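Peer 1: Residue numbers (our numbering), protein chains in the order written: chain A, 123 to 274; chain B, 123 to 274. Every residue gets a Cβ at the ideal spot worked out from N, C-alpha and C, and that includes glycine. All values reported here derive from a predicted model rather than from experimental measurement.
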DNA sequence: TTAGATGCAAAGGCTTTGCAATTCT
DNA sequence: AGAATTGCAAAGCCTTTGCATCTAA
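Laid out in structure tokens, this is it:
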């Protein structure tokens, strides 16, 4: 986690952005649980406890972090954007959304180049991908009686 | 196309929904170009030319059509929902979004059960999927000079 | 010092909802 | 006739923007 924060600091400087306490607070939240996919509102709720923080600052900071490639915006189709650290060279991954508990998990998946082959999409040059799968996570599968009428 | 409209009519009746001219107009638009992915606004613009039609009726009808499984909502992450006929038994497909012209195309892809194998996701039971790929379509690839600074 | 960043409130864009009027059955 | 459906306007959400104030460098 420390490395993630350091990386973010350096990257911000490199790109000529200032290091403010708000920005630090935001990427600390993201770095503390790199596998969690926070919404802007959630980040705001957490950071607000310790620092003065406006929701618009959260959005503006997330836009910057996304632009310089530190984080990725994730959209699972529920109308709210989520954000996660972008592993950069890390292995490509997709997201698993549980229809019952609403949890969002990660799973590794083929890289765009491989998907291009799998899809036989030879007339479209793929650079990026977003793969979201809906179903039931292990915990929710183990209590099948409750599966009826899950959320979403 | 005729069959699609008939199917929609029958399904609506089966589910105890009334057959109104507004609803007919809406699924006629969707059926006329089954491979196009319309936004609610676009459907409204088209149907309004010939019938009285409120935007809220479009949204309400689309919600019903989606609920009874006639159409699918598609989200490519630009904040607007698109709708397409749900082939039902048709082959599963994904969407290709061109970063330059904004066009949304379809491509066939592995079914959820196959993706489950490809992902080796044995702790998550996949029932549905949404795969969106971003890149450049053939037409836009052929004029590479214009690729710099595409939209989105 | 001063350009950049922040917070607040207002505005935007898409979608949903309340309600009286209308229209299928 | 009677319940479902519609259109309009208003409200809801999430996100962005304008602007005066503040702050990192």
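The ligand MG heavy atoms versus the CB of residue 224 of chain A: any closer than 7 Å?
Peer 2: Only the bare structure without any ligand can be found here, which leaves the ligand MG out of the picture.
Peer 1: Where DSSP assigns a beta bridge to residue 218 of chain B, which residues make up the other side?
Peer 2: By 1-based counting over the second chain, the position of residue 218 of chain B is 96. DSSP lists B:227, B:255 as partners of residue 218 of chain B.
Peer 1: Report the option in B:190, B:158, B:174, B:175 whose CA atom is closest to the CA atom of residue 131 of chain B.
Peer 2: If you number the second chain from 1, residue 131 of chain B lands on position 9. Cα-wise, what sits closest to residue 131 of chain B is B:190.
Peer 1: Does the beta carbon of residue 224 of chain B come closer than 8 Å to any beta carbon on chain A?
Peer 2: By one-based count along the second chain, residue 224 of chain B stands at place 102. For residue 224 of chain B, the closest Cβ of chain A is not nearer than 8 Å.
Peer 1: Can you tell which of A:261, A:198, A:124, A:236 has its C-alpha closest to the C-alpha of residue 275 of chain A?
Peer 2: Residue 275 of chain A falls outside the range modelled here, since chain A spans only 123 to 274, and no answer is possible.
Peer 1: Can you confirm whether residue 160 of chain A, when its beta carbon is compared against all beta carbons of chain B, has any partner nearer than 8 Å?
Peer 2: Against the first chain, residue 160 of chain A aligns to sequence position 38. It does not: the Cβ of residue 160 of chain A has no partner Cβ on chain B nearer than 8 Å.
Peer 1: Taking all protein chains shown into account, decide if residue 238 of chain A is buried (16 or more other Cβ within 10 angstroms of its Cβ) or exposed.
Peer 2: On the first chain, position 116 is the one that residue 238 of chain A refers to. Its Cβ being crowded by 16 or more others within 10 Å, residue 238 of chain A is buried.
Peer 1: Against chain A, which members of the segment 226–242 of chain B pass a CB distance test of less than 9 Å?
Peer 2: 227, 229, 230, 231, 232, 234, 237, 238, 240, 241, 242
Peer 1: Which residues does DSSP pair with residue 206 of chain A in a beta bridge?
Peer 2: Taking the first chain and counting its residues from 1, one reaches residue 206 of chain A at position 84. A:194.
Peer 1: Is there a Cβ from chain B that is less than 8 Å from the Cβ of residue 248 of chain A?
Peer 2: Counting from one through the first chain, the residue named residue 248 of chain A turns up at place 126. Judged by the 8 Å Cβ criterion, residue 248 of chain A is in contact with chain B.
Peer 1: Could you give the residue range of the alpha helix (DSSP H) that holds residue 237 of chain A?
Peer 2: Taking the first residue of the first chain as position 1, residue 237 of chain A is located at position 115. Start and end: 234–241.
Peer 1: Under 8 Å, Cβ to Cβ, is there at least one residue of chain A near residue 268 of chain B?
Peer 2: For this step, residue 268 of chain B is matched to residue 146 along the second chain. Bear in mind that the predicted position of residue 268 of chain B carries a pLDDT of just 46, short of 50, making it unreliable; the figure below should be weighed with that in mind. It does not: the Cβ of residue 268 of chain B has no partner Cβ on chain A nearer than 8 Å.
Peer 1: Just mark residue 268 of chain B as buried or exposed, buried being the case when its beta carbon has 16 or more other beta carbons within 10 Å.
Peer 2: As a working mapping, residue 268 of chain B is identified with position 146 in the second chain. Caution is warranted here: a pLDDT of 46 is assigned to residue 268 of chain B, below 50, making its placement in the model unreliable, and the coordinate value is therefore given only provisionally. Residue environment for residue 268 of chain B: exposed (fewer than 16 other C-beta atoms within 10 angstroms of its C-beta).
Peer 1: With 8 Å set as the bound, which would you pick, yes or no: does the beta-carbon of residue 204 of chain A sit closer than that to a beta-carbon of chain B?
Peer 2: If you number the first chain from 1, residue 204 of chain A lands on position 82. So no, residue 204 of chain A is outside the interface.
Peer 1: Consult DSSP for residue 200 of chain B and reduce its assignment to one of helix, strand or coil.
Peer 2: The residue given as residue 200 of chain B occupies position 78 in the second chain. Residue state, collapsed to three classes: coil.
Peer 1: Would a check of beta-carbon distances place residue 194 of chain B closer than 8 Å to chain A?
Peer 2: Working through the second chain from its first residue, we reach residue 194 of chain B at position 72. Output row for residue 194 of chain B: interface = no.
Peer 1: What whole-angstrom Cβ distance do residue 148 of chain A and residue 183 of chain A have, given they're in contact under 8 Å?
Peer 2: Here residue 148 of chain A is taken as the residue at index 26 of the first chain, counted from 1. Here residue 183 of chain A is taken as the residue at index 61 of the first chain, counted from 1. Confirmed, about 5 Å.
Peer 1: For a contact defined as C-beta to C-beta under 8 Å, what are the partners of residue 245 of chain B on chain A?
Peer 2: For the purposes of this step, residue 245 of chain B is taken as the residue at position 123 of the second chain. Those within 8 Å of residue 245 of chain B in chain A are 259, 260.
Peer 1: Give me the Cα-Cα distance between residue 274 of chain B and residue 215 of chain A, rounded to the nearest whole angstrom.
Peer 2: As a position in the second chain, residue 274 of chain B is number 152, starting the count at 1. As a position in the first chain, residue 215 of chain A is number 93, starting the count at 1. In this prediction, residue 274 of chain B scores a pLDDT of 33, lower than 50, which makes its location untrustworthy; no coordinate-derived value is stated.
Peer 1: Excluding sequence positions up to five away, which residues of its chain have a Cβ less than 7 Å from the Cβ of residue 250 of chain B?
Peer 2: Numbered from its first residue, the second chain carries residue 250 of chain B at position 128. Excluding sequence neighbours, residue 250 of chain B sits near 234.
Peer 1: Is residue 170 of chain B helix, strand or coil when you go by DSSP?
Peer 2: The residue you call residue 170 of chain B lines up with position 48 of the second chain. Note: residue 170 of chain B maps to helix in three-state DSSP.
Peer 1: Using DSSP with H/G/I as helix, E/B as strand and the rest coil, what is residue 161 of chain A?
Peer 2: For the purposes of this step, residue 161 of chain A is identified with residue 39 of the first chain, where counting begins at 1. Of the three classes helix, strand and coil, the one that applies to residue 161 of chain A here is strand, per DSSP.
Peer 1: Compute the beta-carbon to beta-carbon distance between residue 134 of chain B and residue 145 of chain B, rounded to the nearest angstrom, for a pair I have assumed lies under 8 Å.
Peer 2: Start at 1 with the first residue of the second chain, and residue 134 of chain B comes out as number 12. Start at 1 with the first residue of the second chain, and residue 145 of chain B comes out as number 23. At roughly 7 Å, the Cβ-Cβ gap stays under 8 Å, so residue 134 of chain B and residue 145 of chain B are in contact.
Peer 1: List the residues of chain A that residue 276 of chain B touches, going by C-beta distances under 8 Å, in chain order.
Peer 2: This structure cannot settle anything about residue 276 of chain B, because the visible part of chain B is limited to 123 through 274.
Peer 1: Decide if residue 270 of chain B is buried, meaning its Cβ has at least 16 other Cβ atoms within 10 Å, or exposed.
Peer 2: By 1-based counting over the second chain, the position of residue 270 of chain B is 148. A caution first: residue 270 of chain B carries a pLDDT of 40, below 50, which makes its placement in the model unreliable, though a value can still be read off. Residue 270 of chain B is exposed by the Cβ-count criterion.
Peer 1: When the distance is taken between beta carbons, is residue 150 of chain B closer than 8 Å to residue 180 of chain B?
Peer 2: Walking along the second chain from the start, residue 180 of chain B turns up at place 58. Walking along the second chain from the start, residue 150 of chain B turns up at place 28. In this structure, residue 180 of chain B lies away from residue 150 of chain B, with their beta-carbon atoms at least 8 Å apart.
Peer 1: Less than 8 Å between the C-beta atoms of residue 243 of chain A and residue 229 of chain B, yes or no?
Peer 2: As a working note, residue 243 of chain A is residue 121 in the first chain. As a working note, residue 229 of chain B is residue 107 in the second chain. For residue 243 of chain A and residue 229 of chain B, yes; Cβs fall inside 8 Å.
Peer 1: When the Cα atoms are used, what is the spatial distance from residue 218 of chain A to residue 154 of chain A?
Peer 2: Counting from 1 along the first chain, the entry for residue 218 of chain A is found at position 96. Counting from 1 along the first chain, the entry for residue 154 of chain A is found at position 32. One C-alpha to the other measures close to 21 Å.
Peer 1: Considering only C-alpha positions, which residue in the set A:247, A:207, A:236, A:224 is nearest to residue 222 of chain B?
Peer 2: As a first step, residue 222 of chain B must be located in the second chain, where it is residue number 100. Minimum Cα distance to residue 222 of chain B is reached at A:247.
Peer 1: The alpha helix (DSSP H) spanning residue 136 of chain B covers which residue range?
Peer 2: Translated into positions along the second chain, residue 136 of chain B becomes position 14. Residues 124–136.
Peer 1: So, is the C-beta of residue 129 of chain A closer than 8 Å to a C-beta in chain B?
Peer 2: Translated into positions along the first chain, residue 129 of chain A becomes position 7. It does not: the Cβ of residue 129 of chain A has no partner Cβ on chain B nearer than 8 Å.
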